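Engineer: Under our numbering, the letters of the sequence shown match residues 1 to 223, in that order.
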Amino acid sequence: MAAARHGARTCLVQDRPDFGGNSSSEVRVTPHGAAAFHVYAKETGIISELLIEERARNHEVIFENGWTNSVWDMVMYDLAVRTPNLTFHLNTSIADIRKSNEHRIEAVIGVIANAETTLELSGDIFIDCTGDGIVADLAGCEWHRGSESREEYGEPHAPLRASGDVMGSSLLFKTVNTGAPAPFEAPEWAAKLDNPDFSTRKAGGRTMCAERISLSYGGRQWE
């Protein structure tokens, strides 16, 4: 969005039917960032534009349906459609790249599975926002997994020591206190993960965030 506003012909490729990544109505992680913990940590710019516009259109309570339902999806879609110099392809997964030489990508190959269509998109600059570094990996770039230490890149807010920690919460659910017992019965086909080491760092699993006060939030351990 910023690149298009500054005059660059920009193409946005997204592998889901909606914009927003984890904040879309498909996953429902609210995009408030650190502002939930400190008012002066609020992000400005394009994300703030979108959040303000969503509040003008959507009157659902934040953390319930606000910032996470289909109105939020439409706010992002509307801005993308109205932005000059910006085109986009939804439901498109990058499956391959083409390089002009060892160090330069000249095109990415996208697949639209439900349309049985392949796209080849050429460009001068490619920004890999896939989350898993798919484009960079296909191009043979070096990569790093986990959280780097503060001094590695001079980031004052990074952890003091490097670790293997990565982002979690790719599955999100909400619980409600009904005031009565509500036993859970897993489907017969559900995989049984009863090894206690599964949810520990020793086994490379995920641990529940200690800062979470309410279990109504969901957590990493249940993934």
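C-beta atoms are modelled at their ideal positions from N, C-alpha and C, and glycine is treated no differently.
Source: prediction; values computed, not measured.
(1) Tell me, which residues are paired with I86 by DSSP?
(2) Distance check for Y40 and A34, CA to CA, integer angstroms please.
(3) Helix, strand or coil for G21, going by three-state DSSP, please let me know.
(4) Give the straight-line distance between the Cα atoms of E116 and S93, rounded to the nearest whole angstrom.
(5) Inspect the CB distances between the stretch 62-78 and the stretch 104-120 and report whether three or more fall short of 8 Å.
(6) Take R16 and list the residues in its own chain whose beta-carbon comes closer than 8 Å to its own, dropping the five residues that flank it on each side.
(7) Between L79 and the rest of its own chain, which residues show a CB-CB distance below 6 Å, the 5 nearest in sequence each way excluded?
(8) What are the partner residues of G66, as DSSP defines its beta bridges?
(9) Residues in its own chain within less than 8 Å of S163 by CB, not counting five upstream and five downstream?
(10) Compute the beta-carbon to beta-carbon distance between G154 and N85, rounded to the nearest angstrom, for a pair I have assumed lies under 8 Å.
(11) What is the rounded straight-line gap between the Cα of E142 and the Cα of S149?
(12) Using 10 angstroms around the beta-carbon of V13, count the other beta-carbons present and answer buried if the total reaches 16, otherwise exposed.
(13) Kindly indicate which three-state DSSP category A35 falls into: helix, strand or coil?
(14) Whole angstroms are fine: how far does the CA of I46 sit from the CA of V81?
(15) What is the C-beta distance between T83 and A4, in whole angstroms, given that I count them as a contact (C-beta under 8 Å)?
(16) Who does P101 pair with in a DSSP beta bridge?
(17) For a test of the three-state rule: what should DSSP assign to D78, helix, strand or coil?
(18) What does a CB cutoff of less than 6 Å around K42 pick up in its chain, not counting 5 residues either side in sequence?
(19) On the DSSP bridge list, what partners appear for V29?
(20) Where do the N-terminal and C-terminal ends of the alpha helix (DSSP H) with E49 fall, by residue?
(21) Using a Cβ-Cβ cut-off of 8 Å (strictly less than) and excluding sequence neighbours within five positions of G133, which residues of its own chain qualify?
(22) Looking only at its own chain, which residues have a Cβ that is under 7 Å from the Cβ of T30, when we skip the five neighbours before and after it?
(23) For E49, which residues of its own chain have a beta-carbon under 8 Å away from its beta-carbon, when the five flanking residues on both sides are left out?
(24) Please report the distance separating the alpha-carbon of E60 from that of Y77.
Structural biologist: According to the structure data:
(1) The question names Ile, but residue 86 is Leu in the sequence shown. Paired residues: T10.
(2) 9 Å
(3) helix
(4) 12 Å
(5) no
(6) S24, E26, L90, N91
(7) none
(8) I62
(9) G146, S147
(10) The pair is not a contact, with the Cβ atoms about 33 Å apart (cut-off 8 Å).
(11) 18 Å
(12) buried
(13) helix
(14) 15 Å
(15) 5 Å
(16) Checking the displayed sequence, the identity of residue 101 turns out to be Asn instead of Pro. The partner list for N101 (beta bridge, DSSP) reads R104.
(17) helix
(18) A35
(19) None, per the DSSP bridge assignment.
(20) 46-57
(21) C141, W143
(22) S23, I62, F63, W67, T68
(23) L79
(24) 19 Å
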